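Please read the structure below before turning to the comments.
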Amino acid sequence: MPNATFGRLGQSPITNFSLCFFLFLPLFVSFYSCRSLPKLVHSNSRTSPQLESNGPTISFVGEFGGIGQSAGQFLHPIDLATDVNGLIYVADMGNNRIQVLSPEGDFQYEFGCQGWQVGEFDGPTDIVVGDQLTLFCTDGGNNRVQTYRVVDSQLQLFSPHYPMKTDTNRLDQPTGISRSPTGEIYVVDQGHHRWLKFDTSGRLLFQCGRYGDGINQFNQPTDVATDRDGNLYIVDSGNGRIKKYDFSGNFIMQWSENLHYPNRIAAYDFIYVTDKQSVKIFTSTGTYVTEIGPFDQPAGVATFEDRYLYVTDLLRNTISVFDLKSVLSNQ
């Protein structure tokens, strides 16, 4: 049968594939535009994070979530993504599921549960949205990437057959995932201190990295993001820096200034990095712009066209929303 995942523990080829269809409730997927300001919803009466620098004010729009297992609640929301319609996809790691929310933070649907079979998770760590509402999810504890396609009222796991002749694309704790403007998928393989480039079927195209502190070496990398030009940004967390590569995997530059414990990253025209208790904003050449904070423990970060910023907080189990227009329009 066609295949539903790619990647398993180790450094050997991917071998097991299957196909699964299952219904999710509700079956309605709304199409939104996030170009109008999201409304404040589900506020937990927190003190809104402020701009740490003396730059222009970033508007705090609202916060939603809270600890729990019910719809719209989270247990360690480690990362998130948005699609072109403004829907928000959250890797709810502690609940072993993906939750899908409206731009206002209203629950739409969820999928996943704890386990190792197709459609189940052992600590989902990241998610990215591809063409035609295809979702790519790093399943950290199961050492694989699962791919899903929303088809009418069904969620279809898929990945086609292809021959495997190499011994280089097993995964060990994949923690981050991103998609290029042309559709290629990038995965951070934390256990092997490297990143990999796949086509949408899971065929390995390129890999880079090993343990160390050199240009093409990493120490516990955590996340990856691509900008609108197809450049790649890797969070080299253990070395406290961001590394930038071009589409072909050629090293461009790195920076560590104004970073302490970089964790997660998002990119569009600007680069957004969660770091200790704040979110740092940089230009694509690593120039510091400003930051937002403090948070309790910021983790995941996503942007919608450099207009809205979404930040997960692992300790508060919430998502905060910010309007960035007043800051970035001045750059």
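If you're matching positions, the sequence shown starts at 150 in my numbering and goes up one per residue. Every residue, glycine too, gets a C-beta built ideally from N, C-alpha and C. None of the values given here were measured: they were computed from a predicted structure.
Would you mind listing the beta strand (DSSP E) stretches within the segment 351-420 that are 3+ residues and don't spill past its ends, in chain order?
353-357, 372-375, 381-385, 390-394, 400-404 and 411-416
In the DSSP assignment, find the unbroken beta strand (DSSP E) run with R319 in it and report its ends.
Careful: R319 lies outside any beta strand (DSSP E) and carries neither H nor E.
Between E454 and the rest of its own chain, which residues show a CB-CB distance below 7 Å, the 5 nearest in sequence each way excluded?
Y417
Helix, strand or coil for T461? Go by DSSP, reduced to three states.
strand
Taking K346 as part of the beta strand (DSSP E), name the residues at either end of that continuous run.
R343 to F347
Using the three-state DSSP reduction, which class does K429 fall into: helix, strand or coil?
strand
Among G261, G215 and D385, the one whose alpha carbon lies nearest that of D424
D385
Beta-carbon within less than 8 Å of H342's beta-carbon, same chain only, minus the 5 sequence neighbours each way: which residues are those?
G358, R359, Y360, G361, Q366, F367, N368, Q369 and P370
Mind checking which residues open and close the beta strand (DSSP E) that includes L229?
P226 to T231
Residue span of the beta strand (DSSP E) that contains R456, given as start and end:
From DSSP, R456 is part of no beta strand (DSSP E); its letter is neither H nor E.
Close-in-space but distant-in-sequence residues of the same chain around E406 (CB under 7 Å, 5 per side omitted)
Y437
Going by DSSP in three states, Q295 sits in which element: helix, strand or coil?
strand
Terminal residues of the continuous beta strand (DSSP E) containing V470?
T467 to D472
Report the partner residues of A240 according to the DSSP bridge assignment.
D228 and I247
So what's V178 in DSSP terms, helix, strand or just coil?
Reliability of the predicted coordinates at V178 is poor, the pLDDT of 31 falling under 50, and the value obtained from them is presented with this limitation in mind. Correct three-state label for V178: coil.
Touching by the beta-carbon criterion (3+ pairs, under 8 Å), the segment 372-380 and the segment 393-413
yes
Taking C-beta to C-beta, are Y459 and I276 nearer than 8 Å?
no
Do G279 and T349 have their C-beta atoms closer together than 8 Å?
yes
Per the DSSP calculation, V267 is bridged to which residue(s)?
Looking at the DSSP assignment, V267 forms no beta bridge with any residue, so it has no partner.
Output the distance between the C-alpha atoms of F103 and T296, rounded to the nearest integer angstrom.
Here the chain covers residues 150 to 480 and nothing more, so residue 103 does not appear.
For G389 and M242, the rounded distance between their alpha carbons
24 Å
Check the DSSP bridge columns for G214 and list the partner residues they point to.
T467
In angstroms with no decimal places, state the Cα-to-Cα distance between K429 and H225.
21 Å
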